[in-house]
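Peer 1: I'd like to ask some things about the structure below.
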Amino acid sequence: QQKNECQIQRINALEPTQIVQSEAGFTEFFDTNEQQFQCAGVEVVRHQIQPQGLLLPSYTSTPILFYVEQGNGVQGVMLPGCPETYESSQQQFEGRKGGRSFQDRHQKLHHFRQGDMVAIPTGAAHWIYNNGQEDLVIIALLDSINAENQLDQVHRRFFLAGNSQNEQQQQGQPIRTWGRGQQGGSQQKGSNNIFQGFDVEFLAEAFNIDQETAQMLKCENDQRGHIVMVERGLSFVSPIMSREQQGQQQRGGRGPAN
Amino acid sequence: GLEETICSMKLRENIDDISKADSYNPQAGHCTHLNSYKFPILQLLQLSAERGVLKSHGIVAPHWIMNAHNIIYVTNGNMRIQIVNDQGQSVFNDQVRERQLVVVPQNFAVVKQAGEQGCSWISFRTNDNAMINTLAGRTSAMRALPLAVLTNAYQMSREDAQQLKYSRDETVLLSPSTIPYAAGRV
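Quick mapping for you: the protein sequence lines, in order, are chains A and B. Take 6 as the starting number for the first sequence in our numbering and just add one per residue. Take 999 as the starting number for the second sequence in our numbering and just add one per residue.
See below:
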C-alpha cells in the first residue's frame, strides 16, 4: 500500500461502475480507484452467468474467494500435479466416430449452490459452468495485495480461451476490459487469450498437433466474450451429472431431472 | 536454540548433478529444482532456483509460474523464448543467447525451445516453492479440462479436442514434434 491510502474521511456505499458483456452473461466491476478498495487492497467483481453459460478457463494473479448469491453450478480448478481422477469408462460415452471411442479423463469437479463460499488459489486455472435453471450470480473478492500476488496491485486475469473484444457500453457505463485496473486508462482494447501471443508453429510443436488445430487455440474470430453459451449443455464426468443422465435415460427424454 | 538451527544450517547445494534431476527426458533434456524442501534455508530467503538443460530443439512445455517471478540466465547455447502477458500480447519473442537474461513476471505464459546446439540455463524464482502450471503435456491444465469444455471453449470437434489433450504424453520437457508439418524450428 502507498501512503495515505487509508486516510479515509468518508465511506460511501458502492455500486458496480463497469460491465463486460458476453454471449451468456456479464461481469460487473466495482471501481478499483475507490479509496476504500485501495486501502483494503482488494477488488470485487460480480458475475452473472445464464443457464448453460460457461465462464471460460482463466487464472488470476490473486487468490479468489467467491460467494454464490444465486443459482448453482459446477467448477473445475486445474491444480498442477493433481491427477485426473474423474474418468469415464468406455461404456459411458457411447459415441463412436471412425472407430474411436470418446473416453475422457479430467481433474475433480466441484459442484456449488446458493450460499456456498468457494476458494480458488492464486494462479490456478479455473472455469465455471451454470448447470442450473436460473442465472448463476457470483460475488468474487480478489485479494490484490495478498503476498501470493507479486505483480502490481490490481488483479490480472489470464484467459486460456476466448477473447473479450466485444464489450458493449451498457446503461451509460464505461467500457471495461479484463486484466487491467482503471489506473491503466479507459477505453482500452480488450484482452485476448494467452495463446494469441504464441506463434502457431510453436503451439503446434509444443502440443504435437497440426497447425489448424493450434490455430483454433487462439480463438481469433471468437466474438462470444468470456462467458459463452453451451448450446447442448456441457457433459462431463461427474457423480452428480451421472445421476442426472441416468434419470434422463430412464425417462427416455431430454428434459432436466425432476 | 539458535545455534541448532541457523548456525548449523546447510548453506550449499549442488544443482548441476544430472543424477539429481527432477525431470528427465532423454530426447529433450533435464531440469533440477532447488526449493525449500530440498534446501531449507530458501524458506528464509523466499527464493528458489532451477537448473535446466535442453537438447537440440528440445522444448519446455508452455507454462506459467503461479506464485513467483522467474529470472532466466542462459549459461550455454541459445534458445527461443516467447512470453505472453495477460492481454494475450507477445511481450518477448526472441532468441536468448549465452550470458543473456530474461525476466518472466509471475503468471505470464512462456514457452522455450532450444536451438540447434541445445541450451542450458539457471533460473531464479521469487518464491521458495515456486509452482509451475503447464499448458501442454500429461500433467497440463489442458489435460485437466473436460473434453466438453475444450470443444465449447475453442469451438472445435471432439476429435480435435482429444488430439489437443492427448497428443503429448511427456510432462515438462518435450521432445521435438513428431508431426512434420507442426515443426517450427529455431
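By construction, the Cβ of each residue, glycine as well, lies at the ideal position given by its N, Cα and C atoms.
Relative to chain B, which residues along the stretch 205-230 of chain A have a C-beta separation below 7 Å, given in chain order?
Peer 2: Under the 7 Å Cβ criterion, the stretch 205-230 of chain A contributes 206, 207, 209, 210, 211, 212, 213, 214, 215, 216, 218, 221, 222, 224, 227.
Peer 1: What in chain A is Cβ-close to residue 1165(B), meaning under 7 Å?
Peer 2: Here residue 1165(B) is taken as the residue at index 167 of the second sequence, counted from 1. Neighbours of residue 1165(B) on chain A, chain order: 212, 213, 214.
Peer 1: In the DSSP assignment, what are the bridge partners of residue 1022(B)?
Peer 2: What you label residue 1022(B) is simply residue 24 of the second sequence in a count that begins at 1. Beta-bridge pairing links residue 1022(B) to 1028(B).
Peer 1: Helix, strand or coil for residue 1017(B), going by three-state DSSP, please let me know.
Peer 2: As a working note, residue 1017(B) is residue 19 in the second sequence. Residue 1017(B): helix per DSSP, three-state reduction.
Peer 1: Closer than 8 Å, Cβ to Cβ, to anything on chain A: give me those residues from the stretch 1059-1075 of chain B, in chain order.
Peer 2: If the cut-off is 8 Å between Cβ atoms, the stretch 1059-1075 of chain B has 1059, 1060, 1062, 1063, 1064, 1065, 1066, 1067 near chain A.
Peer 1: Around the C-beta of residue 109(A), are 16 or more other C-beta atoms found within 10 angstroms, so that it is buried, or is it exposed?
Peer 2: Along the first sequence, one-based indexing puts residue 109(A) at 104. So residue 109(A) counts as buried.
Peer 1: What residues are listed by DSSP as bridge partners for residue 1077(B)?
Peer 2: Locating residue 1077(B) in the second sequence gives position 79, where the first residue counts as 1. DSSP, once it has assigned bridges, lists 1094(B), 1112(B) as partnering residue 1077(B).
Peer 1: Excluding sequence positions up to five away, which residues of its chain have a Cβ less than 7 Å from the Cβ of residue 10(A)?
Peer 2: Within the first sequence, the letter at position 5 stands for residue 10(A). Within the same chain, residue 10(A) has close Cβ partners 40, 43, 44.
Peer 1: Could you please give the first and the last residue of the uninterrupted beta strand (DSSP E) stretch that includes residue 164(A)?
Peer 2: The residue labelled residue 164(A) in the question sits at position 159 within the first sequence. It spans 162-164 - the beta strand (DSSP E) in which residue 164(A) sits, taken as one unbroken run.
Peer 1: Pull up the distance between the alpha-carbon of residue 1052(B) and that of residue 1112(B), whole angstroms please.
Peer 2: For this step, residue 1052(B) is matched to residue 54 along the second sequence. For this step, residue 1112(B) is matched to residue 114 along the second sequence. Taking the straight line joining both Cα atoms gives about 6 Å.
Peer 1: Cα-Cα, which of 162(A), 28(A), 80(A) is closest to residue 198(A)?
Peer 2: Against the first sequence, residue 198(A) aligns to sequence position 193. The option with the nearest alpha carbon to residue 198(A) is 162(A).
Peer 1: Contact criterion: CB-CB distance below 8 Å. Does residue 1084(B) meet it with respect to chain A?
Peer 2: As a first step, residue 1084(B) is located in the second sequence; it is residue number 86 there, counting from the start. Yes, residue 1084(B) lies at the interface with chain A (some Cβ there is under 8 Å from its Cβ).
Peer 1: Thinking C-beta only, is residue 1065(B) closer than 8 Å to residue 127(A)?
Peer 2: In the first sequence, the residue the question calls residue 127(A) occupies position 122. In the second sequence, the residue the question calls residue 1065(B) occupies position 67. Against a cut-off of 8 Å, the Cβ pair of residue 1065(B) and residue 127(A) comes out as a contact.
Peer 1: Hey, could you find the ends of the alpha helix (DSSP H) residue 1150(B) is sitting in?
Peer 2: Counting from 1 along the second sequence, the entry for residue 1150(B) is found at position 152. 1145-1152 is the span of the alpha helix (DSSP H), which, as asked, contains residue 1150(B).
Peer 1: Where does residue 1135(B) land, buried or exposed, given buried means 16+ other C-beta within 10 angstroms?
Peer 2: The residue you call residue 1135(B) lines up with position 137 of the second sequence. Result: buried.
Peer 1: Using a threshold of 7 Å, is the CB atom of residue 165(A) nearer than that to any non-hydrogen atom of the ligand ADP?
Peer 2: With respect to small molecules bound, the structure shown includes none, and the ligand ADP cannot be examined in it.
Peer 1: For a cutoff of 8 Å on Cβ pairs, would you count residue 1077(B) as touching chain A?
Peer 2: For the purposes of this step, residue 1077(B) is taken as the residue at position 79 of the second sequence. Closer than 8 Å: no.
Peer 1: Below 8 Å, how does it come out for the stretch 1056-1063 of chain B and the stretch 1132-1147 of chain B: are there three or more Cβ pairs, yes or no?
Peer 2: The stretch 1056-1063 of chain B is in contact with the stretch 1132-1147 of chain B.
Peer 1: Have a look at residue 1008(B) and residue 1033(B) and give me their C-alpha separation to the nearest angstrom.
Peer 2: Residue 1008(B) sits at position 10 when you count from the first residue of the second sequence. Residue 1033(B) sits at position 35 when you count from the first residue of the second sequence. The alpha-carbon atoms of residue 1008(B) and residue 1033(B) are separated by roughly 13 Å.
Peer 1: Where residue 1083(B) and residue 1106(B) are concerned, what is the direct C-alpha to C-alpha distance, given to the nearest angstrom?
Peer 2: As a first step, residue 1083(B) is located in the second sequence; it is residue number 85 there, counting from the start. As a first step, residue 1106(B) is located in the second sequence; it is residue number 108 there, counting from the start. Answer to the nearest angstrom: the Cα atoms are 5 Å apart.
Peer 1: So, at 8 Å on beta carbons, what are the nonlocal neighbours of residue 1155(B) in its own chain, with the 5 sequence-adjacent residues on each side left out?
Peer 2: Residue mapping note: residue 1155(B) aligns to position 157 of the second sequence, counting from 1. Contacts found: 1149.
Peer 1: Along the chain, where does the alpha helix (DSSP H) containing residue 1162(B) start, and where does it finish?
Peer 2: Along the second sequence, one-based indexing puts residue 1162(B) at 164. From DSSP, the alpha helix (DSSP H) with residue 1162(B) extends over 1156-1164.
Peer 1: Nearest by alpha-carbon distance to residue 1102(B): which of 1071(B), 1003(B), 1043(B) is it?
Peer 2: For the purposes of this step, residue 1102(B) is taken as the residue at position 104 of the second sequence. Among 1071(B), 1003(B), 1043(B), the Cα nearest to that of residue 1102(B) belongs to 1071(B).
Peer 1: Reducing DSSP to helix, strand and coil, say where residue 202(A) ends up.
Peer 2: Within the first sequence, the letter at position 197 stands for residue 202(A). The answer is helix: DSSP assigns residue 202(A) an H, G or I state.
Peer 1: Count the other CB atoms within 10 Å of the CB of residue 134(A); is the residue buried (16 or more) or exposed (fewer)?
Peer 2: Mapped onto the first sequence, residue 134(A) falls at position 129. With 16 or more Cβ atoms within 10 Å of its Cβ, residue 134(A) is classed as buried.
Peer 1: Short of 6 Å in beta carbon distance, which residues of its chain neighbour residue 27(A), apart from the five on each side in sequence? Order them along the chain.
Peer 2: Along the first sequence, read from residue 1 onward, the residue named residue 27(A) stands at position 22. The answer, listed in chain order, is 230, 231, 232.
Peer 1: Indicate whether residue 129(A) and residue 71(A) have their beta-carbon atoms separated by less than 8 Å.
Peer 2: Within the first sequence, the letter at position 124 stands for residue 129(A). Within the first sequence, the letter at position 66 stands for residue 71(A). No, the Cβ-Cβ distance between residue 129(A) and residue 71(A) is not below 8 Å.
Peer 1: Are the C-beta atoms of residue 1118(B) and some chain A residue less than 8 Å apart?
Peer 2: Mapped onto the second sequence, residue 1118(B) falls at position 120. Not an interface residue.
Peer 1: With distances taken Cα to Cα, identify the nearest neighbour of residue 22(A) among 51(A), 15(A), 201(A).
Peer 2: Taking the first sequence and counting its residues from 1, the one referred to as residue 22(A) is at position 17. Closest by alpha carbon: 51(A).
Peer 1: Measure from the C-beta of residue 1007(B) to each C-beta in chain A and report whether the shortest distance is under 8 Å.
Peer 2: For this step, residue 1007(B) is matched to residue 9 along the second sequence. Not one chain A Cβ lies under 8 Å of residue 1007(B).
Peer 1: Within this structure, are the beta carbons of residue 1074(B) and residue 1048(B) separated by less than 8 Å?
Peer 2: For this step, residue 1074(B) is matched to residue 76 along the second sequence. For this step, residue 1048(B) is matched to residue 50 along the second sequence. Not a contact, by the Cβ cut-off of 8 Å.
Peer 1: Taking 8 Å as the threshold (beta carbon to beta carbon), is residue 1033(B) in contact with chain A?
Peer 2: Here residue 1033(B) is taken as the residue at index 35 of the second sequence, counted from 1. No, no contact with chain A.
Peer 1: Starting from residue 218(A), follow the alpha helix (DSSP H) in both directions and report where the run begins and ends.
Peer 2: For the purposes of this step, residue 218(A) is taken as the residue at position 213 of the first sequence. Residue 218(A) -> alpha helix (DSSP H) spans 216-222.
Peer 1: Does chain B have any CB closer than 8 Å to the CB of residue 111(A)?
Peer 2: Here residue 111(A) refers to the residue found at position 106 when the first sequence is read from its first residue. Chain B contact via Cβ: present.
Peer 1: Applying a beta-carbon distance threshold of less than 8 Å, which residues of chain B neighbour residue 203(A)?
Peer 2: Mapped onto the first sequence, residue 203(A) falls at position 198. Ordered by position in chain B, the residues that pass the 8 Å Cβ test against residue 203(A) are 1060, 1080, 1082, 1088, 1107, 1109.
Peer 1: Which residue's Cα is closest to the Cα of residue 245(A): 115(A), 160(A), 156(A), 138(A)?
Peer 2: Against the first sequence, residue 245(A) aligns to sequence position 240. Minimum Cα distance to residue 245(A) is reached at 115(A).
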